[in-house]
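Residue numbers (our numbering), protein chains in the order written: chain R, 13 to 296; chain Z, 13 to 296; chain X, 3 to 311; chain V, 3 to 311. For each residue, glycine too, the CB sits at the ideal point set by N, CA and C.
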Amino acid sequence: MPNQVKARLQSNRKVGEYHHLVLAGEKIADGVKPGHFVSIAIGDTNSPMVTRRAFSIHRATPMTAHGSTLEIVVHPHGTGTDWLAAQEVGTTIDVISPLGKPFALPKNPVSCLLVAGGYGSAPMTFLAEELTARGCQVDMVFGAGTESKLFDVLAAKRIARFFEVTTDDGSSGVKGRVSDVIPNMFLNGHTAVVYACGPMPMLESVAALAKQRNIVSQVAVEESMACGIGVCMTCVLPIVGDDGITRMTRSCVDGPVFRGDRVRWDDLGTVPDDCLGAPKVGGH
Amino acid sequence: MPNQVKARLQSNRKVGEYHHLVLAGEKIADGVKPGHFVSIAIGDTNSPMVTRRAFSIHRATPMTAHGSTLEIVVHPHGTGTDWLAAQEVGTTIDVISPLGKPFALPKNPVSCLLVAGGYGSAPMTFLAEELTARGCQVDMVFGAGTESKLFDVLAAKRIARFFEVTTDDGSSGVKGRVSDVIPNMFLNGHTAVVYACGPMPMLESVAALAKQRNIVSQVAVEESMACGIGVCMTCVLPIVGDDGITRMTRSCVDGPVFRGDRVRWDDLGTVPDDCLGAPKVGGH
Amino acid sequence: MAVDLHSKLGSISLKSPILTASGTAASGKELDQFFDITQIGGIVTKSIMLNPRSGRATPRMVETPSGMLNSIGLQGPGVDQFIENDLRWLAERGATTIVSIAGNDAREFWQVAQKLRGHPAIAGFEVNISCPNVANRGLVFACHPASAAEVVAEVRSAVGADFPLFAKLSPDVTSISEIAYSVVDAGANGVSLINTLLGMALDHRTLKPILGGRTGGLSGPAIRPVAIRAVYQVRAALPDVPIIGMGGIRSGIDALEFLAAGANAISVGTAIFSDPSAPMRIQRELESEIAARNFRSVAEVVSIAHLGV
Amino acid sequence: MAVDLHSKLGSISLKSPILTASGTAASGKELDQFFDITQIGGIVTKSIMLNPRSGRATPRMVETPSGMLNSIGLQGPGVDQFIENDLRWLAERGATTIVSIAGNDAREFWQVAQKLRGHPAIAGFEVNISCPNVANRGLVFACHPASAAEVVAEVRSAVGADFPLFAKLSPDVTSISEIAYSVVDAGANGVSLINTLLGMALDHRTLKPILGGRTGGLSGPAIRPVAIRAVYQVRAALPDVPIIGMGGIRSGIDALEFLAAGANAISVGTAIFSDPSAPMRIQRELESEIAARNFRSVAEVVSIAHLGV
Ligand SMILES: Cc1cc2nc3c(=O)[nH]c(=O)nc-3n(C[C@H](O)[C@H](O)[C@H](O)COP(=O)(O)OP(=O)(O)OC[C@H]3O[C@@H](n4cnc5c(N)ncnc54)[C@H](O)[C@@H]3O)c2cc1C
Ligand SMILES: Cc1cc2nc3c(=O)[nH]c(=O)nc-3n(C[C@H](O)[C@H](O)[C@H](O)COP(=O)(O)OP(=O)(O)OC[C@H]3O[C@@H](n4cnc5c(N)ncnc54)[C@H](O)[C@@H]3O)c2cc1C
Ligand SMILES: Cc1cc2nc3c(=O)[nH]c(=O)nc-3n(C[C@H](O)[C@H](O)[C@H](O)COP(=O)(O)O)c2cc1C
Ligand SMILES: Cc1cc2nc3c(=O)[nH]c(=O)nc-3n(C[C@H](O)[C@H](O)[C@H](O)COP(=O)(O)O)c2cc1C
Ligand code: FES
Ligand code: FES
Numbered sequence: 013m014p015n016q017v018k019a020r021l022q023s024n025r026k027v028g029e030y031h032h033l034v035l036a037g038e039k040i041a042d043g044v045k046p047g048h049f050v051s052i053a054i055g056d057t058n059s060p061m062v063t064r065r066a067f068s069i070h071r072a073t074p075m076t077a078h079g080s081t082l083e084i085v086v087h088p089h090g091t092g093t094d095w096l097a098a099q100e101v102g103t104t105i106d107v108i109s110p111l112g113k114p115f116a117l118p119k120n121p122v123s124c125l126l127v128a129g130g131y132g133s134a135p136m137t138f139l140a141e142e143l144t145a146r147g148c149q150v151d152m153v154f155g156a157g158t159e160s161k162l163f164d165v166l167a168a169k170r171i172a173r174f175f176e177v178t179t180d181d182g183s184s185g186v187k188g189r190v191s192d193v194i195p196n197m198f199l200n201g202h203t204a205v206v207y208a209c210g211p212m213p214m215l216e217s218v219a220a221l222a223k224q225r226n227i228v229s230q231v232a233v234e235e236s237m238a239c240g241i242g243v244c245m246t247c248v249l250p251i252v253g254d255d256g257i258t259r260m261t262r263s264c265v266d267g268p269v270f271r272g273d274r275v276r277w278d279d280l281g282t283v284p285d286d287c288l289g290a291p292k293v294g295g296h
Numbered sequence: 013m014p015n016q017v018k019a020r021l022q023s024n025r026k027v028g029e030y031h032h033l034v035l036a037g038e039k040i041a042d043g044v045k046p047g048h049f050v051s052i053a054i055g056d057t058n059s060p061m062v063t064r065r066a067f068s069i070h071r072a073t074p075m076t077a078h079g080s081t082l083e084i085v086v087h088p089h090g091t092g093t094d095w096l097a098a099q100e101v102g103t104t105i106d107v108i109s110p111l112g113k114p115f116a117l118p119k120n121p122v123s124c125l126l127v128a129g130g131y132g133s134a135p136m137t138f139l140a141e142e143l144t145a146r147g148c149q150v151d152m153v154f155g156a157g158t159e160s161k162l163f164d165v166l167a168a169k170r171i172a173r174f175f176e177v178t179t180d181d182g183s184s185g186v187k188g189r190v191s192d193v194i195p196n197m198f199l200n201g202h203t204a205v206v207y208a209c210g211p212m213p214m215l216e217s218v219a220a221l222a223k224q225r226n227i228v229s230q231v232a233v234e235e236s237m238a239c240g241i242g243v244c245m246t247c248v249l250p251i252v253g254d255d256g257i258t259r260m261t262r263s264c265v266d267g268p269v270f271r272g273d274r275v276r277w278d279d280l281g282t283v284p285d286d287c288l289g290a291p292k293v294g295g296h
Numbered sequence: 003m004a005v006d007l008h009s010k011l012g013s014i015s016l017k018s019p020i021l022t023a024s025g026t027a028a029s030g031k032e033l034d035q036f037f038d039i040t041q042i043g044g045i046v047t048k049s050i051m052l053n054p055r056s057g058r059a060t061p062r063m064v065e066t067p068s069g070m071l072n073s074i075g076l077q078g079p080g081v082d083q084f085i086e087n088d089l090r091w092l093a094e095r096g097a098t099t100i101v102s103i104a105g106n107d108a109r110e111f112w113q114v115a116q117k118l119r120g121h122p123a124i125a126g127f128e129v130n131i132s133c134p135n136v137a138n139r140g141l142v143f144a145c146h147p148a149s150a151a152e153v154v155a156e157v158r159s160a161v162g163a164d165f166p167l168f169a170k171l172s173p174d175v176t177s178i179s180e181i182a183y184s185v186v187d188a189g190a191n192g193v194s195l196i197n198t199l200l201g202m203a204l205d206h207r208t209l210k211p212i213l214g215g216r217t218g219g220l221s222g223p224a225i226r227p228v229a230i231r232a233v234y235q236v237r238a239a240l241p242d243v244p245i246i247g248m249g250g251i252r253s254g255i256d257a258l259e260f261l262a263a264g265a266n267a268i269s270v271g272t273a274i275f276s277d278p279s280a281p282m283r284i285q286r287e288l289e290s291e292i293a294a295r296n297f298r299s300v301a302e303v304v305s306i307a308h309l310g311v
Numbered sequence: 003m004a005v006d007l008h009s010k011l012g013s014i015s016l017k018s019p020i021l022t023a024s025g026t027a028a029s030g031k032e033l034d035q036f037f038d039i040t041q042i043g044g045i046v047t048k049s050i051m052l053n054p055r056s057g058r059a060t061p062r063m064v065e066t067p068s069g070m071l072n073s074i075g076l077q078g079p080g081v082d083q084f085i086e087n088d089l090r091w092l093a094e095r096g097a098t099t100i101v102s103i104a105g106n107d108a109r110e111f112w113q114v115a116q117k118l119r120g121h122p123a124i125a126g127f128e129v130n131i132s133c134p135n136v137a138n139r140g141l142v143f144a145c146h147p148a149s150a151a152e153v154v155a156e157v158r159s160a161v162g163a164d165f166p167l168f169a170k171l172s173p174d175v176t177s178i179s180e181i182a183y184s185v186v187d188a189g190a191n192g193v194s195l196i197n198t199l200l201g202m203a204l205d206h207r208t209l210k211p212i213l214g215g216r217t218g219g220l221s222g223p224a225i226r227p228v229a230i231r232a233v234y235q236v237r238a239a240l241p242d243v244p245i246i247g248m249g250g251i252r253s254g255i256d257a258l259e260f261l262a263a264g265a266n267a268i269s270v271g272t273a274i275f276s277d278p279s280a281p282m283r284i285q286r287e288l289e290s291e292i293a294a295r296n297f298r299s300v301a302e303v304v305s306i307a308h309l310g311v
């Protein structure tokens, strides 16, 4: 059950190309699990920006000195994220938390690989801790275009058994993409479950690699959202249900985490003909 | 010739219900005379507020340590003025200065009465100094609803020969309106020219009182403006020209200062039938 | 001073004039997490069609200055599922419910209405003849008096005489009053004004339309002046017809503007996206705006802009 | 990499696609204090009528979310004064000039055109058949194909065959493509899209319409998605007709969006009010936006949104 909280911006620290924000407020950390996200209102009541912005929860800490806190990682690259990254400590931020379905955790202490692209690493150390607490083995791989777009590498090094970094330009770790190193990590780690958060093409490749090896994949997708709470039908993508039927499914309430093998990767941005209620010829 | 200046907010001081702002920038004070006004853009380039805001120039000081400076007095009571009053020292403000036609100054050293209502006192000490420099006698009267809406009283006391204050609630000076004290000040001061800046009803009464005694009146009107530079035709009011013909006249370029006897006070907010190009029956 | 918020929408009496806008509140369940949906005037549900419908391809949304474009394309579960899940929940919850219905042709409207007629949970119908998110602009019934009237007549024949029926109109017409006449003439008890304006935005990288549906519906504060004008015009043309006003309402003063222009009730839409509790907040704000002007009831302010004009 | 900004607007060739929007730049004299008006594509002058005209009562402006309403009502000195003062100045200044003309009936349009025909300073006419600020909505010629065509035909007969003539259309119609067809059919070389949307706002204190004219025209970024849609639709319907696009343009990327949607040139209007040098700034920004996408000329980006659709 999400709470709408007028939070206080406790800290705003630039980390590479991102900003690490700490938000404090009553109930802001209640019920938060790895994979949950928050939505944040942009600007004042007269703001020309009428939709909220979504951010993965990096960390949630109930009951600190300043009440509960919640941490996010912001990549400023548009009007709203620029605004948020520019806010000063002390400002009041309208936050709704938690939103969405979190990562499903394995019942048994199995070996897990956590794959992140860019700010997709935001929820990963949080997830790694939960998994470790359940006795799971945790391996991790972070990929990014360049070093300044990597986040939380030190924490990952600390918590992961095997940890790899890839960058497109080779400025850090292996030059290349996460998909170049994942196969070996699957082998060395005897991976049972792979978790991924990052750009859609990366998620697709992770899901494909996992499928080849019958590894369960859990991917956190990123679709454009207007409401973030399930009322507008903006954030849908074609997902295959337990009944084998494909539906245009809301990623804000039924996701953002989906099983990788349930996402119709080839049909993203379309409505597959076999999708429930797909348009007849001539379209809707 | 107006300059568009990216000015630096040098100081922002609350004075009663107003904010006294000092703006610094190259050329910002060039050619400024009492009665000129500036226009200020509100918010950033994505601002939902698409029109500028107009403010009388309180003071203009070419060539200080920080370049030229310009001072205005802001009454925060709407989205734009609230925004401006809330800006912090150091912010960049987009200012166009100077705009409009200033107060006409008498050729000879005559006796002048300066009448202000509310923030209408902003340009008055500036005007008083110019008049004094020309050897004119300067009397002043400031009126407001209540004491906290009076501005610059000390400066006025210093420079004026006779000075009166009126407030509707009697919290300062005479309880009542400026029009209650003006007749006596005309007498005692042997007023030849009266200058007025403030709410339209006040300007109307000043113009009427002046007319009765064949005193020349110069009033700075306040009409809602979209452009402030003469291109949009928003800020018009019915003014009688030298040729005796009434025209809907732009207050941003042909005003804001008009001779009181040229303003069609009874017809404000209408288009008089005898106005040039007035609509036939059925309207435009 | 307490304000009487009760509103009469034709034969429907509402706790308050604040409704949700169709398609921005689903069926109320999600919003009920943020405020008690039984405490506002009512819920107008997402337009429902006969069969399950996938809606359009993504992207379905673009933010624009003080507004947004959407091209959802009436995604929904179909009327049977809607009755079984959404309507049942609304009934149990006890929320005043206005059901929005849509169809590809007049017959489908009739079929949907048939299935819903007489359902105890339904206080009235909003007939969405103005959705811009259809492949064929010709399918925007509200663009033509005749097709608009035909649909309304069909629905009327299905739901029975004088069951509350509101026709939702499009602002993308030469004369909205003309359309309003025709739908009232065809049996609508009232009209809902306005649906979104047809708009488009291009992707700054590809320079192609962003939306999967290419065009989309413009909503939010940006369109409020158009909506106020539409309500004012239709109120002037049809002095006694109940009007549900909407378009960019995000505060109590906005809501008051619509009431004064002639709306008997108002719907909150896009504002919900930035503030899920907007309908409740706006209801509180409206109450104090009314009180601040020394009125005692909503009834006193409805259409007041037309007095002495 | 240098970008070739030259634009062809039918037979008019422009230094750049950036024009001013009629009624937001007067006749260019005031703007010339802020930037050299001969360095942009051209000036579209305030719509001029036969006789001096007072315009409507004040207030004439309301700011709205990301836009504004105006009810100026075509205030102007009349065509004779316009020729003697404004046109003379523009001629001396050497600015490319498109003269916007208006009238209360087709005959007045003809009379105004007669007086202006053949004037050496005039590169083309924009026929304003879409001003919403007229007492009688029936007078908005652009709302009806027949009346729109009639006015255009009259002006055509006055200015002589194939002298550049642009009909300025209103978005407040059911089908803007239909109107575009009819005016081109009647002899317009091209169309200007869009004029303002009819809107209204109420005074929060009195709860009555703020504007002296009650209704007004909505302009500014708020309407940009409607304008882009209109340009895209008309370009799709009339692939070869020159289009002047406008509506909420305040940056180079906005201008690029209009060109890609199908405009051959664009007009900057409301943006001038917040930034008098906007046309020049937007021209610079447009140049770098085009270069950043590795295009070499304006011609390459015009209508590009329609490629492979
Ligand atoms: C579940 C989820 C988790 C996310 N986690 C993070 C995170 O941890 N850190 C981070 O920096 N970003 C994250 N994003 C992406 C972030 O929400 C977008 O970058 C942001 O909304 C863009 O806003 P803008 O104002 O910068 O861009 P604009 O282009 O101004 O946004 C305009 C509109 O489009 C929507 N939009 C645009 N791009 C995206 C996108 N990629 N995803 C969703 N909505 C979009 C915005 O919400 C807004 O409504 C996440 C998105 C989702 C859906
Ligand atoms: C020549 C001139 C000199 C002025 N001098 C001062 C001054 O020294 N100090 C001061 O505090 N105010 C002054 N004003 C008034 C000031 O411009 C308005 O109070 C201000 O524009 C209101 O903006 P807002 O955002 O608070 O209100 P809003 O209601 O948000 O303004 C909306 C729109 O209406 C216009 N508007 C609203 N009220 C007025 C008004 N009274 N006059 C002109 N435009 C208006 C605004 O410019 C804006 O375009 C002056 C106005 C003029 C014309
Ligand atoms: C995402 C979205 C979906 C909508 N879906 C519907 C719909 O299904 N049926 C309908 O009649 N109107 C629909 N509308 C229109 C709204 O009900 C409303 O008429 C319009 O958005 C104007 O109000 P607003 O500015 O407050 O949002 C939708 C609007 C949005 C933004
Ligand atoms: C104050 C004002 C006056 C206008 N006067 C005219 C006019 O005289 N003739 C005309 O064709 N359009 C007129 N317009 C409409 C503009 O030319 C333009 O079509 C419209 O404002 C949309 O562009 P914008 O959003 O960039 O302003 C006027 C617009 C404004 C804001
Ligand atoms: S963003 Fe509105 S339903 Fe998911
Ligand atoms: S404000 Fe535009 S002409 Fe005066």
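If you reduce the DSSP assignment to three classes, tell me which class residue i lands in.
i	result
Gly297 (chain R)	Shown here, chain R extends from 13 to 296; a query on residue 297 (chain R) therefore has no answer.
Pro211 (chain R)	coil
Phe138 (chain Z)	helix
Using a Cβ-Cβ distance under 9 Å, would residue i count as near chain Z?
i	result
Phe165 (chain V)	no
Asn58 (chain R)	yes
Could you say which of the options lies nearest to residue i if we only look at CA atoms?
i	options	result
Glu32 (chain X)	R:Cys239, R:Glu176 and R:Thr103	R:Cys239
Phe174 (chain Z)	Z:Arg225, Z:Lys26, Z:Leu125 and Z:Pro268	Z:Leu125
Gln99 (chain Z)	Z:Ile54, Z:Met13, Z:Thr203 and Z:Met152	Z:Ile54
What residue range is occupied by the uninterrupted alpha helix (DSSP H) comprising residue i?
i	result
Val153 (chain V)	Pro147 to Val161
So, does the CB of residue i fall closer than 9 Å to a CB anywhere in chain V?
i	result
Gly295 (chain Z)	Note that Gly295 (chain Z) has pLDDT 46, beneath the 50 cutoff, so the model's placement of it is unreliable and no number is given.
The region 178-190 of chain V: which residues have C-beta closer than 7 Å to a C-beta of chain X, in chain order? none
Taking beta-carbon pairs under 8 Å, can you tell me which members of the region 27-46 of chain V lie near chain Z? Ala27, Ala28, Glu32, Leu33, Gln35 and Phe36
Give me the subset of the region 233-249 of chain Z whose CB atoms are less than 9 Å from a CB atom of chain V, sorted by chain position. Glu235, Ser236, Met237, Ala238, Cys239, Gly240, Ile241, Gly242, Val243, Cys244, Met245, Thr246, Cys247, Val248 and Leu249
What residues from the region 227-251 of chain X come within 8 Å of chain V, judged by C-beta to C-beta, listed N to C? Pro227, Val228, Ile230, Arg231, Tyr234 and Gly250
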